[in-house]
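Shown next, in structure tokens, is the structure this report addresses.
In my numbering, the protein residues as written are 15 to 195.
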């Protein structure tokens, strides 16, 4: 990969201490998008990584997965499918609940968004525990999609989400890694 682009991207991501709670060092990907050169470099690296792999759909998870998945889908010439929180999609949906640190959450996808045999790439901004992408994987597979790849701008490897997703048979790609939580 292009180390110059990776350095630019990593440098553009601001770290916010004690957000959203004490002891967390939040990696703010929105600061990356404020820099058009860094944002374009991010999309370019994703395109370079995944072009020619035969994906038929890109799935982005709410909400920041949309910001990287949609431009990637356009560049690859394939459809973009949003996975959203309950009640946000207008057509018939299928839902998948997943565990959070304190409770559960649910994601939904349109039932007609994925057809049997679609080759799907999942995209999100950050990989921590992997719970969101695990739920998304289950939704896609339930609809007959083939999903073997997940792409992230940021990975926090100490939390272990990459290993969790690899246990689901997913190849995990991230542009940059940060220490901590």
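Cβ atoms here follow ideal geometry from the backbone N, Cα and C, with glycine treated the same way.
Which residues DSSP lists as bridging residue i, in chain order
i: residue 28; result: 42
i: residue 5; result: Residue 5 lies beyond the residue range present for the chain, which begins at 15 and ends at 195; the question has no answer from this structure.
i: residue 95; result: 73
i: residue 107; result: 124
i: residue 186; result: 164
Residue i to residue j span [Cα, whole Å]
i: residue 178; j: residue 165; result: 14 Å
i: residue 69; j: residue 160; result: 9 Å
i: residue 91; j: residue 31; result: 39 Å
i: residue 191; j: residue 168; result: 6 Å
i: residue 46; j: residue 25; result: 8 Å
i: residue 41; j: residue 122; result: 26 Å
i: residue 33; j: residue 182; result: 30 Å
i: residue 158; j: residue 107; result: 14 Å
i: residue 100; j: residue 84; result: 20 Å
i: residue 21; j: residue 52; result: 9 Å
i: residue 105; j: residue 130; result: 18 Å
i: residue 148; j: residue 162; result: 12 Å
i: residue 39; j: residue 29; result: 6 Å
i: residue 103; j: residue 50; result: 30 Å
i: residue 36; j: residue 43; result: 19 Å
i: residue 78; j: residue 67; result: 23 Å
Contact under 8 Å by Cβ, residue i with residue j
i: residue 216; j: residue 170; result: Since the first residue of the chain shown is 15 and the last is 195, residue 216 is not available in this structure.
i: residue 23; j: residue 55; result: yes
i: residue 86; j: residue 72; result: yes
i: residue 143; j: residue 173; result: yes
i: residue 186; j: residue 193; result: no
i: residue 82; j: residue 139; result: yes
i: residue 153; j: residue 180; result: no
i: residue 75; j: residue 97; result: yes
i: residue 134; j: residue 128; result: yes
Closer than 8 Å to chain B by CB, residue i
i: residue 137; result: Absent from the structure: chain B. Only one protein chain is present.
Heavy atom of the ligand FAD within 7 Å of residue i beta-carbon
i: residue 19; result: Although the ligand FAD was asked about, the structure shown includes no ligands whatsoever.
Could I get the ranges of all uninterrupted alpha helix (DSSP H) runs contained in the region 62-90, with 4 residues as the minimum, in chain order?
78-90
Can you confirm whether the region 55-70 touches the region 107-121 when touching is taken to mean that 3 or more C-beta pairs between the two stretches lie within less than 8 Å?
no
Taking only runs of the beta strand (DSSP E) that begin and end inside the region 109-173, which ones reach a length of at least 3 residues, in chain order?
117-124, 133-141, 160-169
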